[in-house]
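Numbering-wise, the sequence shown is residues 11 to 165 according to the working numbering. As structure tokens, the structure follows; a few thoughts come after it.
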Amino acid sequence: MPLATSHPSYPVADADSAANTVHPARRGERDRAGRAGRTDLACLSAPLPLRPPRSAVALDALVSEVLRIVADSRTPVFVTVHEGGRTRYGYWRPVDAATGRGGCYVALPTDVCEKLRSGGRIELGEPVTDPAKTTYRIRTARTRVKTGRHEGSAA
């Protein structure tokens, strides 16, 4: 039968290995590096807001940014509709030689893209179907040009 010791036989995550005391950062005090622990976890029963509502100005800026990306012929934009109905809009961002950033897929805001699609500003291309998803190319909607004279114009 093993003897009882002052140190547990398993590692304790929030205890100091020498004295088995709680770290200062866990008590809300500052540690040696000057970092303070989180003390805002007292009220976990209140629901956390997922994201703040978008203002009209921010939404207009997002709409114009999405339209700019979709209208760029060098940037192919796609929407993937998964088997369960989830949709994801996105495009491939190439590597920028000046900053060295890029080379990754970038998701576009689904609500903004759906608003543009329902408003007739963007349209879907031909589907490419896999067993678990369908992918469409996205492009800006073609505007119809009226031919002929307009009323009241001088000819």
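Virtual Cβ for every residue (Gly too), placed ideally from N, Cα, C.
Nearest to Leu72 (by Cα), restricted to the options Glu133, Thr85, Thr120: With distances taken between Cα atoms, Leu72 lies closest to Thr120.
Beta-carbon contacts of Leu134 that lie in its chain and below 8 Å, excluding the five residues immediately before and after: Hits under 8 Å: Val89, Arg127, Tyr146, Arg147, Ile148.
Cα-Cα separation, Arg84 to Thr139: Arg84 and Thr139 have their C-alpha atoms some 23 Å from each other.
Glu136: first and last residue of the uninterrupted alpha helix (DSSP H) it sits in: Per DSSP, Glu136 belongs to no alpha helix (DSSP H); it is in the beta strand (DSSP E), 132-139.
Proximity test, Cβ basis, 7 Å: Val122 and chain B: Structure shown: chain B not included; a single protein chain is present.
Exposure of Cys114, with buried meaning 16 or more beta-carbon neighbours within 10 Å: A residue is called buried when at least 16 other Cβ atoms come within 10 angstroms of its Cβ; Cys114 does not meet this threshold and is exposed.
Host alpha helix (DSSP H) of Arg127 (start-end): Counting along the chain, the alpha helix (DSSP H) containing Arg127 begins and ends at 120-128.
Sub-7 Å separation of Tyr99 and Val116 beta-carbons: Against a cut-off of 7 Å, the Cβ pair of Val116 and Tyr99 comes out as no contact.
Inter-residue Cα distance where the pair is Arg96 and Glu124: If you draw a straight line from the Cα of Arg96 to the Cα of Glu124, it is about 12 Å long.
Simplified DSSP state of Arg103, which is helix, strand or coil: The three-state secondary structure of Arg103, taken from DSSP, is strand.
Contacting residues, own chain, Cβ-Cβ under 7 Å from Pro21 (five flanking each side not counted): Confidence at Pro21 is low in this model, with a pLDDT of 48, below 50, so the placement of that residue should be treated as unreliable; the coordinate-derived value is given next. For Pro21, where only same-chain residues beyond five positions count, there are no Cβ hits under 7 Å.
Limits of the unbroken beta strand (DSSP E) element including Thr144: Residues 143-150.
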